[in-house]
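Novice: Protein chains in written order, with our numbering: chain E, 3 to 113; chain B, 4 to 423.
The beta-carbon is built from N, C-alpha and C at its ideal position, and this holds for glycine as well.
(1) Is there contact here, the segment 85–101 of chain E with the segment 32–45 of chain B, by at least three beta-carbon pairs under 8 Å?
(2) Taking a cut of 9 Å between CB atoms, which residues from the segment 44–65 of chain E lie near chain B?
(3) What number of angstroms, rounded off, separates the C-alpha of residue 40(B) from the C-alpha of residue 47(B)?
(4) Within a Cβ cutoff of 7 Å, which residues of the same chain sit near residue 232(B), ignoring the five residues on either side of it in sequence?
(5) Mind reading off the beta-carbon distance from residue 325(B) to residue 265(B)? Whole number of angstroms is fine, and I expect it under 8 Å.
(6) State the beta-bridge partners of residue 400(B) as determined by DSSP.
(7) Out of curiosity, what's the CA-to-CA distance linking residue 103(B) and residue 113(B)?
(8) Considering only residues of the same chain and omitting the five flanking positions on each side of residue 202(B), which have a CB-CB separation below 6 Å?
(9) Taking Cβ to Cβ, would you say residue 60(E) is nearer than 8 Å to residue 67(E)?
(10) So if DSSP puts residue 80(E) in a beta bridge, which residue, or which two residues, is it bridged to?
(11) Where residue 303(B) and residue 238(B) are concerned, what is the direct C-alpha to C-alpha distance, given to the nearest angstrom?
(12) Using a Cβ-Cβ cut-off of 7 Å (strictly less than) and excluding sequence neighbours within five positions of residue 403(B), which residues of its own chain qualify?
(13) Could you tell me the distance, in whole angstroms, from the CA atom of residue 24(B) to the CA atom of residue 53(B)?
(14) Given 7 Å as the limit, tell me if residue 390(B) has its C-beta closer than that to any heavy atom belonging to the ligand FAD.
(15) Can you tell me which of the three DSSP states residue 343(B) falls into?
(16) Going by DSSP, what residues sit across from residue 320(B) in a beta bridge?
(17) Would you mind telling me which residues of chain B sit closer than 7 Å to residue 28(E), beta carbon to beta carbon, in chain order?
(18) Could you give the DSSP three-state label for residue 253(B): helix, strand or coil?
(19) Give a yes or no on contact between the segment 366–382 of chain B and the segment 323–340 of chain B, applying the rule of three or more CB pairs nearer than 8 Å.
(20) Does DSSP put residue 393(B) in a helix, in a strand, or in coil?
(21) Can you tell me the Cα-Cα spacing of residue 278(B) and residue 240(B), whole angstroms?
(22) Residues in the same chain with beta-carbon distance under 7 Å from residue 338(B), minus the five sequence neighbours each way, listed in chain order, please.
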């Protein structure tokens, strides 16, 4: 599957949200806690930021909502779509390339 | 309380967004708020500030996104796009008010129009409407019109009195008169508007060139003169009778013929001339005989010609006084030219003003009490009487009233003599 041609670098909160959902489907509060844990408390999302990002990811079909068993309306779960997973992989690959490049350019000078 | 505040802030978001995420956001906020409860005050404040500021900024972003999402639907073109890659433009505003908005606007407009009409119609008892716009409800009622407009300074601060539908005004330095003709059935709202139009029509005529009475009435030049003197002669049967040739001057011959002329006014053939026969108007409402007598005395005392003819001041011109009318009238000829001109006949404007306002004095004590001011006429003169009541005791004496009218006349340049 091809990645989205309109794909552009992701912001850190969005990347963390996608990474959180990449592991397993989660609901909103769980995403917040996971993002906070992944960033070691550095990124603390507010509900406005979280659901703003989720709304855009839903519109772009990178994620989808689904109903968990015995879940109420205020506990909708989210999971990555294949498109979203592909874009996440693309972004991670881009970041790996950047990291490798940074290692090549920065490390010799430091050494 | 915070949860309630948060819920209310969610209304900042577009409705579709709110219906999709509102409950979830609320639930997550509740959980997060429970988490920070165990933390310190600083952490709690930081949480609240972060949540609400981000909520507002997110709402702004979502609203912008929502409106952007709607615009392509409104744009003309295939699938909300453009024709042949030519950008689409809006050529006209597609917005149209909702029907309910139009209905409510219409109802509101009608309500405001009704309120304004009611204020004009029924507000004549209040100072603003009464003095600025209101006229009397009946044509024969005395009018006292005031306005603070500079163009009507003299007009507004002078006394306007009516008798038989004639409105007498003192405008600037030139006494002038005008006839107010109220069409039958238009005494209320119609009269109000006619007064407004009348004011608007007269206003441009009052300028450096002085006041022309014909401008007031709108009469054609060939019609008879209508100034203060002519109207005064018309409303005073005694003068109308004495002035046989209608030149508004009582000549020597007319003075000599006064006894026989006056006898023509004796309608009841009792040999005497009562105040009514001399031109006093009848009361609009029943009054007691004492008040009637006092009003007659005032009437006979006020008009110089009648005061001269009624030598014994018994409120009627008796047969002997009629017989001596020639000699009595000659006493009014102050300049000795053998005839009576307007300066010798017309009542002093100051006395005129005081006379008409003092009609409020029901008990004849020459003071206008609070009770005597409570009627319709009193409300009309309220501003004048309030200003005249210098010691603020609620009672306006004739002296206080005279001083106030004299002060106003001085302000407007209206010449007035001392009251006799």
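Specialist: So, from the listed chains and residues:
(1) no
(2) 46, 47, 48, 49, 50, 51, 52, 53, 54, 56, 57, 58, 60, 61
(3) 7 Å
(4) 251, 345, 349
(5) 5 Å
(6) 370(B)
(7) 15 Å
(8) Note on residue 202(B): pLDDT 44, under 50, position unreliable in the model; no value is reported.
(9) yes
(10) 28(E), 67(E)
(11) 14 Å
(12) 391, 392, 393
(13) 19 Å
(14) Questions concerning the ligand FAD fall outside what the structure shown contains, since it holds no ligand whatsoever.
(15) strand
(16) 276(B)
(17) Here the premise fails: no neighbours, minimum Cβ distance about 12 Å.
(18) strand
(19) no
(20) coil
(21) 11 Å
(22) none
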